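One structure is given below, encoded as structure tokens.
Residue numbers (the working numbering): 39 to 287.
Structure below.
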């Protein structure tokens, strides 16, 4: 179910144990070839495909397009909320559903820069609501809910405007691909100084804006990726419905 399709009495009458999905994405640069809305477009498509699989078993909130994208801010067109503002925004979104009695909240992510602040948001909420044994407060990125590797993908992970994202945009919105990705060169995903985590900006890692191998993208790969991720989201939501708040499995 999509929240925006319902009336308030319809929401009032829902089972309060139903998983509530809050999709969170971004509007930011994706190299010279992909649109600024790439993360939002891809997450919206995953949600669109997953929703019929769960029928009335989950409630999907509207996609939140504003993300934490300060590391991309050197590239024109990028929009961003600073980390603390973003944490507060996510907590406010979740707490509106908690106020109305819902107990299972999932932030379903479509942008790498959201990972750290979104995890912090649910960590803080859980500490504040530590006496609520009925709550399930979760965060995951859609690409972590399925393993699409079948020997035909070059990149081991999603990257940024590389093989995976370029393939999926080629599948759902080829008219928005501004430059033939076959002419682009791969950019290493390495941060440097591994295994330490390095503070970084995108400009330091990629002058052109993409990270990964967009030159090997294809529409066919995009379809397989989207199908796998939608199935993974649906399976995870079934798990949310079945497991209680005290079950760590």
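Even glycine gets a Cβ: it sits at the ideal position worked out from N, Cα and C. No experiment lies behind these values; they were computed from the predicted model shown.
What would DSSP say about residue i, mapped onto helix, strand or coil?
i           : result
residue 194 : coil
residue 61  : strand
residue 208 : helix
residue 154 : helix
residue 102 : strand
residue 68  : strand
residue 234 : coil
residue 185 : coil
residue 216 : coil
residue 167 : coil
Looking at the secondary structure, which residues open and close the beta strand (DSSP E) in which residue i lies?
i           : result
residue 265 : Segment 257 to 280 is the alpha helix (DSSP H) holding residue 265; no beta strand (DSSP E) there.
residue 224 : Segment: none, residue 224 is in no beta strand (DSSP E) and carries neither H nor E.
residue 179 : 174 to 179
residue 143 : 142 to 147
Between which two residues does the alpha helix (DSSP H) carrying residue i extend?
i           : result
residue 116 : First-last for residue 116: undefined, no H or E at that position.
residue 78  : 76 to 92
residue 128 : 121 to 137
residue 45  : Element bounds for residue 45: n/a, residue is neither H nor E.
residue 242 : 240 to 243
Taking 7 Å as the cut-off, is the C-beta of residue i nearer than that to any heavy atom in the ligand MG?
i           : result
residue 227 : The ligand content of the structure shown is nil, which means the ligand MG is not present either.
Check whether chain B comes within 8 Å of residue i, counting only Cβ atoms and requiring the distance to be less than that.
i           : result
residue 249 : The chain labelled as chain B is not found in the depicted structure, where only one protein chain is given.
Excluding the 5 residues flanking residue i on each side, which residues of the same chain have their C-beta closer than 6 Å to its C-beta?
i           : result
residue 71  : 215, 216, 217, 219
residue 244 : 225
residue 40  : 98
residue 266 : 184, 186
residue 102 : 62
residue 66  : 107, 110, 116
Looking only at DSSP bridge pairs, what is residue i linked to?
i           : result
residue 249 : 198
residue 97  : 58
In chain order, what residues of the same chain have a beta carbon less than 8 Å from the beta carbon of residue i, not counting five sequence neighbours either side?
i           : result
residue 286 : Unreliable placement is indicated for residue 286, whose pLDDT of 47 sits below 50; the coordinate value is still reported in the next sentence. Excluding positions up to five away in sequence, the list is empty.
residue 95  : 56, 57, 275, 276, 279
residue 230 : 236
Skipping 5 residues on each side, what residues in its chain have a beta carbon closer than 7 Å to that of residue i?
i           : result
residue 159 : 125, 128, 129
residue 227 : 197, 249, 250
residue 208 : 215, 255, 256, 257, 260
residue 264 : 83, 84, 87, 206, 209
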